[in-house]
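Engineer: I have a structure I would like to understand better, so I am pasting it below and will then ask my questions one at a time.
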Amino acid sequence: TSAENKCWGECMDVAIQIAHKAGKVVQEAVKQEKQVSSKSTPTDLVTEADQQVEDLIISTLKDKFPSHRFIGEESSAAGEKCILTDEPTWIIDPIDGTCNFVHSFPMVAVSIGFAVKKELEFGVIYHCFDGTLYTARRGHGAFCNGAPIQVSKERDISKALILTEIGAKRDPATLEIFLGNMQKLLSAPAHGVRIIGSSTLALCHIATGAAEAYYQYGLHCWDIAAAAVIIREAGGCVIDTSGGPLDLMSRRVVAAGSREMADYVVRQLQPISYERDDHDPDVLP
Ligand code: 2AM
Ligand code: CA
Ligand code: CA
Ligand code: CA
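This is the structure:
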């Protein structure tokens, strides 16, 4: 309904305010000494700031929208179920690029996505180092600092800049598939491949047309949710690595400016398998 639509617009305004506020906290935290520990593997880093910023975002949103649901990286790590229902749901990555944050490498973002009836309604991504704000609302276009953005319409892989990430999983079999996939694209030959350490900012670069395609296995719903709306509203395509529709919980994504470019990347990839985000230990074996 139009009343609901108006409400989602108001939710988005709140998201923008909180992303700014959280981004400022991250900016300050970069300068402080960091308490670093690891989660699933020695390279899966987390800091006190990740938890603090997520608490700040979720407590502020819960205050304003007590009936909404929340999915956040650190709450999920603490055991909260990660299940997308039809209810209005906020999908939050408080610090995307934690390894960059630890090293003060300037690619760190706050990502806030919002879905209703499992459909993504808006996304807000704040670049904590340079203050760039990427926003999009379904049906209303995509913006960088308020100016409209558009994807690259390039369809030819030999004129493409490709982005990807290395996950925390570094066993020999995973690394071999990772390198094999990169080799395929490098020998296509794409102009280049870049790894910037922030999946949300990499996806924003697809939305602005700064790069042609992005692919990754192992990332989570909070890495994709906000960026998927931004890329789609910028005219791009976000799909599953199988070539089918995006499944937010599947831990895999291909994004590109054009459908042809996305399909090309899909055909090159060998999959790396990960447990789904909505895997529920109480329900599934
Ligand atoms: P994070 O910093 O929020 O953890 C680099 O590894 C990028 O991929 C970051 O954006 C990181 O998010 C994200 N990422 C998180 N978990 C991942 C995983 N298991 N595999 C691949 N990428 C992951
Ligand atoms: Ca993390
Ligand atoms: Ca992330
Ligand atoms: Ca994170």
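Going left to right, the sequence shown walks through residues 126 to 410 as the numbering used here numbers them.
No residue lacks a Cβ here, since even glycine has one placed at the ideal position from N, Cα and C.
CB of residue 347 to nearest heavy atom of ligand 4: below 8 Å?
Structural biologist: At least one heavy atom of ligand 4 is nearer than 8 Å to the Cβ of residue 347, so yes.
Engineer: Are the segment 367 to 376 and the segment 261 to 276 touching, with three or more C-beta to C-beta distances below 8 Å?
Structural biologist: They do not touch, by the three-pair rule.
Engineer: Determine the extent of the beta strand (DSSP E) in which residue 380 is found, giving its start and end residues.
Structural biologist: Residue 380 -> beta strand (DSSP E) spans 377 to 381.
Engineer: Can you tell me whether residue 296 is buried or exposed? The criterion is at least 16 other CB atoms within 10 Å of its CB, across all chains shown.
Structural biologist: So residue 296 counts as exposed.
Engineer: Can you name, in chain order, every residue of its own chain whose Cβ lies under 6 Å from the Cβ of residue 387, other than the five neighbours on each side?
Structural biologist: Here the set comprises 362, 364, 379, 381.
Engineer: For chain C, check one thing: does any of its Cβ atoms lie closer than 9 Å to the Cβ of residue 175?
Structural biologist: Among the chains in the structure shown there is no chain C, since it carries only a single protein chain.
Engineer: Does ligand 2 have a heavy atom nearer than 8 Å to the CB of residue 281?
Structural biologist: No - ligand 2 has no heavy atom lying nearer than 8 Å to the Cβ of residue 281.
Engineer: Classify residue 140: buried if its beta carbon has 16 or more other beta carbons within 10 angstroms, exposed otherwise.
Structural biologist: When all chains shown are included, residue 140 counts as buried.
Engineer: Are the segment 160 to 176 and the segment 215 to 223 in contact at 8 Å, needing three or more beta carbon pairs?
Structural biologist: Result yes; three or more Cβ-Cβ pairs closer than 8 Å.
Engineer: Between residue 398 and residue 164, what straight-line distance do the alpha-carbon atoms span, to the nearest angstrom?
Structural biologist: One C-alpha to the other measures close to 19 Å.
Engineer: Less than 8 Å separating the Cβ of residue 325 from some heavy atom of ligand 2?
Structural biologist: No, since every heavy atom of ligand 2 falls outside the 8 Å radius drawn around the Cβ of residue 325.
Engineer: Please go through the same chain and pick out, in chain order, the residues whose beta-carbon is closer than 7 Å to the beta-carbon of residue 278, but skip the five residues on each side of it.
Structural biologist: Same-chain partners within the cutoff: 382, 383.
Engineer: Does the Cβ-Cβ distance between residue 217 and residue 195 come in under 9 Å?
Structural biologist: In contact: residue 217 and residue 195 (Cβ atoms closer than 9 Å).
Engineer: On the premise that residue 340 lies in contact with residue 286, defined as a C-beta separation below 8 Å, what is that separation, rounded to the nearest angstrom?
Structural biologist: So it is not a contact: roughly 13 Å between Cβ atoms.
Engineer: In chain order, what residues of the same chain lie with their CB nearer than 7 Å to the CB of residue 349, ignoring the 5 residues before and after it?
Structural biologist: Closer than 7 Å at Cβ, skipping near neighbours: 373, 378.
Engineer: May I ask you to report which of helix, strand or coil DSSP gives residue 373?
Structural biologist: Coil at residue 373, not helix or strand.
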